[in-house]
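Q: Counting from 11, one number per residue, gives the positions in the first sequence under the numbering used here. So that we are looking at the same thing, I have put the structure below in C-alpha cells.
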Amino acid sequence: MSYELLAEPVRRYIRDQRWESLRPIQAAAIQHILATDDNYLLASRTASGKTEAAFLPILSKVDFRVAGVPVLYISPLIALINDQFQRVEQLCRYLDVPVTKWHGEASRTAKQKLLQQPAGIVLITPESLEAMFVNAPYQVKTLFASLRYVVIDEIHSFLGTDRGIHLQSLLARLRAVNTTSSFAVVGLSATIGDYSEAKRFTGDESRTKVLLDRTGKDIVAQFRYFPANDTGGDVPLPLLKDLYKQTSTSKALIFPNSRGLAEVIAVKLRQIADRVGGHPYYFSHHSSVHKEVREYVEHFAKNNQRQPFCIACTSTLELGIDIGSVDKVVQVDAAHSIASLIQRVGRSGRRNDEQSQLLLYATEPWSLLQSLACWQLYQEGFVEPLRTARLPYDLLLHQALSIVKERSGCSRAALLMQLRQNAAFTEIPAADAEAVVEELLRIGWLEALGGELIIGVDGEFVVNSRNFYSVFKTELALKVVHAGQTVGEIPFSPQVQADENLLLAARIWRIKYVDVPAKRVEVVPAHDGKKPMFFGGGGVVHPRIREQMLQLLSTKAVPPELDEAGREALRVLRQEFAGCGLPPEVGPMRPVLVQEDKLTLFTFNGTKINRSLTFLLQCLDIEFVADERKSSLTLSVTPALLNDLFEQLRLFALDVDFHLQDAIANNPGLLEFAKWGEALPLQFQVAILKERYFDFGGAAEFLEKTEVVSSLNASNS
DNA sequence: GACCTGCTGCGGAGTG
Numbered sequence: 011m012s013y014e015l016l017a018e019p020v021r022r023y024i025r026d027q028r029w030e031s032l033r034p035i036q037a038a039a040i041q042h043i044l045a046t047d048d049n050y051l052l053a054s055r056t057a058s059g060k061t062e063a064a065f066l067p068i069l070s071k072v073d074f075r076v077a078g079v080p081v082l083y084i085s086p087l088i089a090l091i092n093d094q095f096q097r098v099e100q101l102c103r104y105l106d107v108p109v110t111k112w113h114g115e116a117s118r119t120a121k122q123k124l125l126q127q128p129a130g131i132v133l134i135t136p137e138s139l140e141a142m143f144v145n146a147p148y149q150v151k152t153l154f155a156s157l158r159y160v161v162i163d164e165i166h167s168f169l170g171t172d173r174g175i176h177l178q179s180l181l182a183r184l185r186a187v188n189t190t191s192s193f194a195v196v197g198l199s200a201t202i203g204d205y206s207e208a209k210r211f212t213g214d215e216s217r218t219k220v221l222l223d224r225t226g227k228d229i230v231a232q233f234r235y236f237p238a239n240d241t242g243g244d245v246p247l248p249l250l251k252d253l254y255k256q257t258s259t260s261k262a263l264i265f266p267n268s269r270g271l272a273e274v275i276a277v278k279l280r281q282i283a284d285r286v287g288g289h290p291y292y293f294s295h296h297s298s299v300h301k302e303v304r305e306y307v308e309h310f311a312k313n314n315q316r317q318p319f320c321i322a323c324t325s326t327l328e329l330g331i332d333i334g335s336v337d338k339v340v341q342v343d344a345a346h347s348i349a350s351l352i353q354r355v356g357r358s359g360r361r362n363d364e365q366s367q368l369l370l371y372a373t374e375p376w377s378l379l380q381s382l383a384c385w386q387l388y389q390e391g392f393v394e395p396l397r398t399a400r401l402p403y404d405l406l407l408h409q410a411l412s413i414v415k416e417r418s419g420c421s422r423a424a425l426l427m428q429l430r431q432n433a434a435f436t437e438i439p440a441a442d443a444e445a446v447v448e449e450l451l452r453i454g455w456l457e458a459l460g461g462e463l464i465i466g467v468d469g470e471f472v473v474n475s476r477n478f479y480s481v482f483k484t485e486l487a488l489k490v491v492h493a494g495q496t497v498g499e500i501p502f503s504p505q506v507q508a509d510e511n512l513l514l515a516a517r518i519w520r521i522k523y524v525d526v527p528a529k530r531v532e533v534v535p536a537h538d539g540k541k542p543m544f545f546g547g548g549g550v551v552h553p554r555i556r557e558q559m560l561q562l563l564s565t566k567a568v569p570p571e572l573d574e575a576g577r578e579a580l581r582v583l584r585q586e587f588a589g590c591g592l593p594p595e596v597g598p599m600r601p602v603l604v605q606e607d608k609l610t611l612f613t614f615n616g617t618k619i620n621r622s623l624t625f626l627l628q629c630l631d632i633e634f635v636a637d638e639r640k641s642s643l644t645l646s647v648t649p650a651l652l653n654d655l656f657e658q659l660r661l662f663a664l665d666v667d668f669h670l671q672d673a674i675a676n677n678p679g680l681l682e683f684a685k686w687g688e689a690l691p692l693q694f695q696v697a698i699l700k701e702r703y704f705d706f707g708g709a710a711e712f713l714e715k716t717e718v719v720s721s722l723n724a725s726n727s
C-alpha cells in the first residue's frame, strides 16, 4: 500500500532493486511523510533501510523544478556523506535530481557548479554549514531559501552534545533564511533513551513524531574472564590466545575501549597468526590511524566476501559507515554506555538470517560487573537518556560571533532578538544573553560602531581562523611518516623520541627522528614495541548502570552467559560485600567497607555525581582517595561520623558557586570540555560546569537519601 | 579509565 503512494520513478527504482517488500520503517515513513508536513524521527536498528525510508517519500513529494535546493542532508561524518552519496545518487538518477557533496574534502568544481545552478539534494556537515554562514551568507540564501526538507543522519550522535546544540542553532538560522517556504526535519536514529528530548531537537516538539521499529536481532552473548596479571602487560596473554582462537576464522570487530589497546591487540593477534600460519588480515582502526589507511581497512572489510579478518577499533566503527557484515563483535572490558553497546552489537550478523554474536571479555572483577550490568540493561531495552543543555552560554557566544560575521554587522537589538528566537538558546534569560554580548565587547571580539556591532580587531583572528567552524577541541599531534607515507599520528609525550618503538596502524615502528617544528615523526618498521601513549579524560557512566551493578552484587543469581572463571570472580566480589548484608532490593542503600582507621563508601552512582562528591570533599579539605571504576571513596573517618559528613557536604552542594569560581581560578583546565567556554564571564563558566560537567543536584539527593550499610554494623549485629 | 567528529581562502605547482 505504501508502495502505491510513491511517485512512478521512485517505484521504478524499487522494482529495479528487486526488493521483495518495504521494510516496516520504510512503509511507515512513506505513509506519514507523504501525508503531513510534520517533523519525523525514524528510529530503527542499523541496516534497516532508514536512508531510503526518508528519501523515497521525500523524492516523491518534493517539487525539484523550483530554483534552489529543496532537500538538505546533514551528516556527522564525511565518510558517511561519501557512502550515502552513492546510494542517494543512484536513487536520484531515476528523477534527474542532482546530488552534491558539500564538505571540506569535496570537489570545489562540484560546489561551483551547484552555485551556478542551485538544485537537487545537498549533503553537508554541520561545520561546512557553519563555514558557509560565516564566509558566504549570500550562498546560504541562494541555495537554501526554498528548503522543504532537512534530513539529519545518525541524529542520536548529536543528542546531548555540544555539536548537537551547534546543529540546532544552525537549523534555526536556516529557518530564518528560509523565506519562500518552510522546511520539515527528518531525523534518522538508532534506538535512543528519551524520545521527548529527541523531539525537542527539531525545534518544535509538538510537531515532531517518532516512527519506531523496535525489532532487534537475536544476540548470543558470552562472557569470558581472564584476569590481568600483576606484572603489568597490557592484555593478558591467555586472553589474547583465546581471542585468537575465537576469531581466527571469522570476520570480527574488536572494541577494547582505547586506541592504545586496539594497537596492542591488532599487533599481538597478527603475531600469533604469523606463528601458527593464520591469515594476515589484522588491522587497527581509530582516529589516530591515517585516513587513507582507515579507508583501505573499510574497503577491505566491505569487499571481501570470503576472507576472514579482524579489526581492533574504537568508536570510529560505531556509526553507520558501510563495512558490510561481520560475524562476531568482541568487547574487551566494559563498554561505557548502553548506547554504544547497541551500536557495536548492531555491526554483527547484518545478513538477515544470521544471529549476532557478542563476545565480552573482562580482565578485572569491576569491569566484569559493569559489563554484565550493561548487558542486562541492554536486554531490558534501557538506553541512557541524554539531556540537551538548556543554558549553553558558550555556544551562544560562538553563535553570536558567527551571526555578527554573517550579517557583516548588525544592531545589538537585532542580534539579541535573533539569539532569543533561536531554539537552541530559548531558555537563556535575555539579560544573560546581553551579558555575554557585553563581555564580547569588553574583550574586543566585538566592537560597537555607529550603533552597529561588528567583529572587533581581536575577534577577526577568532572568526577568520579555521578553528572557528567547530565547537569541539582536538588534541595536538605529530604526524607519523614511513618512507613518505603517512601512517597516522601520535600525541606529544615523553615517549616521542628517537629510537623509541611504538605501535600504530597494526604495525610496529621505531622512531628515526622527531621534527617538532614540522610536527612530524619519521619511523621505520621494527619487531617489538609498546603501545602509543594517548591521553584523554575519563568516560561518563550513567547512574543506572551503577545501580544495576549494585543489584548484581546484592543478589545470588549467576548469569548463564558467564564462563567458569567469571562465575568465580563474581562470587569473590559478592563475598567482599557479604558483610554489609545488602538485601536483594537495595533501594537507597549503599555499602561501606570498614578497615582499621578508614572506610570505603561505594556510591554506585554515575560519574557526574561522583565527580561532584569529590569536588565537595575537596571544598571541605577532607583527604580521600576516589576510584571511579569502583565508584568508591576511601575516607579517614569513622562510620559514626559519616552522617554528619553527608549533611555538611549536602549544605555545600546547595551553594557551590563560590567554590567553583575559586576552582576555575586555580585550575583553568576545568573548562577543558568547552571550547568556547573560556571567553565567558566567570558566572557563566560556573553555570556550564554545573550543568554539563557536574551534577550537584544529583549529589545533594544522594547525600540526603542514601542509607549506609557498613560491614562493621553487620558484623556487630 | 575514553572515544569521536570538522575546516576557508589563497597561491602555486602540476596536469591535460
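Just so it is clear, CB atoms sit at the ideal spot from N, CA and C, and this is done for glycine as well. Just so you know, these numbers come straight off a predicted model, no measurement behind them.
Only counting the same chain, and skipping five residues up and downstream in sequence, which positions put a Cβ closer than 6 Å to that of Gly-174?
A: Around Gly-174: Phe-168.
Q: What is the rounded straight-line gap between the Cα of Arg-21 and the Cα of Glu-14?
A: Arg-21 and Glu-14: Cα-Cα distance of roughly 8 Å.
Q: Measure from the alpha carbon of Thr-716 to the alpha carbon of each residue in Gly-466, Leu-652 and Pro-691, then state which is nearest.
A: Out of Gly-466, Leu-652 and Pro-691, Leu-652 has the C-alpha closest to the C-alpha of Thr-716.
Q: Below 7 Å between beta carbons: does that hold for Ser-298 and Arg-269?
A: The answer is yes: Cβ separation under 7 Å.
Q: To test your reading of the DSSP string, which unbroken alpha helix (DSSP H) runs of 4 or more residues are found completely within the region 266-352?
A: Listed in chain order, the complete alpha helix (DSSP H) runs (minimum 4 residues) inside the region 266-352 are 269-286 and 301-313.
Q: Give me the Cα-Cα distance between Tyr-159 and Leu-52, rounded to the nearest whole angstrom.
A: So the alpha carbons of these two residues sit roughly 14 Å apart.
Q: In angstroms with no decimal places, state the Cα-to-Cα distance between Leu-456 and Ser-418.
A: Cα to Cα, Leu-456 sits roughly 12 Å from Ser-418.
Q: Have a look at Val-277 and Leu-271 and give me their C-alpha separation to the nearest angstrom.
A: Distance between the alpha carbons of Val-277 and Leu-271: 10 Å.
Q: Throw me the rounded Cβ distance for the Gln-671 and Leu-692 pair, which I believe falls under 8 Å.
A: Their Cβ separation, rounded to whole angstroms, is 6 Å, which keeps Gln-671 and Leu-692 in contact under 8 Å.
Q: Grouping DSSP H, G and I as helix and E and B as strand, with all else coil, what is Asn-726?
A: Confidence at Asn-726 is low in this model, with a pLDDT of 42, below 50, so its placement is unreliable and no value can be given for it.
Q: Once you ignore the five residues that flank Asp-732 on each side, which residues in its own chain have a CB closer than 8 Å to its CB?
A: Shown here, the chain extends from 11 to 727; a query on residue 732 therefore has no answer.
Q: DSSP on Ile-68, reduced to helix/strand/coil?
A: It is helical.
Q: Could you check what DSSP says for Ser-721 in three-state terms: helix, strand or coil?
A: Helix at Ser-721.
Q: Going by beta carbon distance, what residues of the same chain come within less than 7 Å of Val-481, once the five residues before and after it are set aside?
A: Closer than 7 Å at Cβ, skipping near neighbours: Asp-172, Arg-173, His-176, Leu-405, His-408, Lys-685 and Trp-686.
Q: Does DSSP put Arg-75 in a helix, a strand or coil?
A: Reduced to three states, the DSSP call for Arg-75 is coil.
Q: Can you tell me whether DSSP reads Thr-152 as helix, strand or coil?
A: If DSSP states are grouped into helix, strand and coil, Thr-152 belongs with the helices.
Q: Using the Cα positions of Asn-677 and Glu-688, report the straight-line distance between them to the nearest angstrom.
A: In a straight line, the C-alpha of Asn-677 is about 12 Å away from that of Glu-688.
Q: By how many angstroms is the C-alpha of Arg-577 removed from the C-alpha of Pro-570?
A: So the two alpha carbons sit approximately 9 Å from each other.
Q: If we count the other Cβ atoms within 10 Å of its Cβ and call it buried at 16 or more, is Ala-528 buried or exposed?
A: Exposed: under 16 other Cβ atoms inside 10 Å.
Q: Cβ atoms of Asp-26 and Lys-219: under 7 Å apart, would you say?
A: Result no, Cβ atoms of Lys-219 and Asp-26 do not sit closer than 7 Å.
Q: Name the one or two DSSP bridge partners that Gly-2 has.
A: Because the chain in this structure spans residues 11 to 727, residue 2 falls outside the shown range and cannot be described.
Q: For Val-342 and Thr-135, I'd like the C-alpha separation in whole angstroms.
A: Cα-Cα distance, rounded: 32 Å.
Q: Have a look at Phe-502 and Tyr-523 and give me their C-alpha separation to the nearest angstrom.
A: Between Phe-502 and Tyr-523, the C-alpha separation is close to 14 Å.
Q: Please state whether DSSP places Pro-601 in a helix, a strand or coil.
A: In the structure shown, Pro-601 sits in a strand (DSSP, three-state: E or B).
Q: When you compare only the Cα positions, how much space is there between Ser-646 and Ala-89?
A: Each residue's Cα considered, the two are about 52 Å apart.
Q: For Gly-170 and Thr-398, which I take to be in contact (beta-carbon distance under 8 Å), what is that distance rounded to the nearest angstrom?
A: Confirmed, about 6 Å.
Q: Go through its chain and collect everything with a Cβ distance to Glu-30's Cβ below 6 Å, but skip five positions before and after it.
A: Excluding positions up to five away in sequence, the list is empty.
Q: What are the start and end residues of the alpha helix (DSSP H) that includes Lys-489?
A: No alpha helix (DSSP H) holds Lys-489; the beta strand (DSSP E) holding it covers 487-492.
Q: Check Asn-92 in the structure and name its three-state DSSP category.
A: Looking at Asn-92 - three-state DSSP - the assignment turns out to be helix.
Q: Going by the CB atoms, is the gap between Leu-133 and Lys-111 shorter than 7 Å?
A: For Lys-111 and Leu-133, yes; Cβs fall inside 7 Å.
Q: Which residues mark the beginning and the end of the beta strand (DSSP E) in which Tyr-523 is found?
A: Counting along the chain, the beta strand (DSSP E) containing Tyr-523 begins and ends at 517-525.
Q: Does DSSP classify Cys-420 as helix, strand or coil?
A: Reduced to three states, the DSSP call for Cys-420 is strand.
Q: How about Ile-264 and Ile-275: are their beta carbons less than 7 Å apart?
A: The answer is yes: Cβ separation under 7 Å.
Q: Just grab the DSSP bridge partners of Lys-540 for me.
A: DSSP output for Lys-540 lists Leu-512 as bridge partner(s).
Q: Specify the secondary structure class of Arg-234 as computed by DSSP and reduced to three states.
A: Three-state DSSP puts Arg-234 in a strand.
Q: Within its chain, find whatever has a CB closer than 6 Å to the CB of His-669; leave out the 5 residues flanking it on each side and keep chain order.
A: Cβ neighbours of His-669 beyond the five flanking positions: Cys-629.
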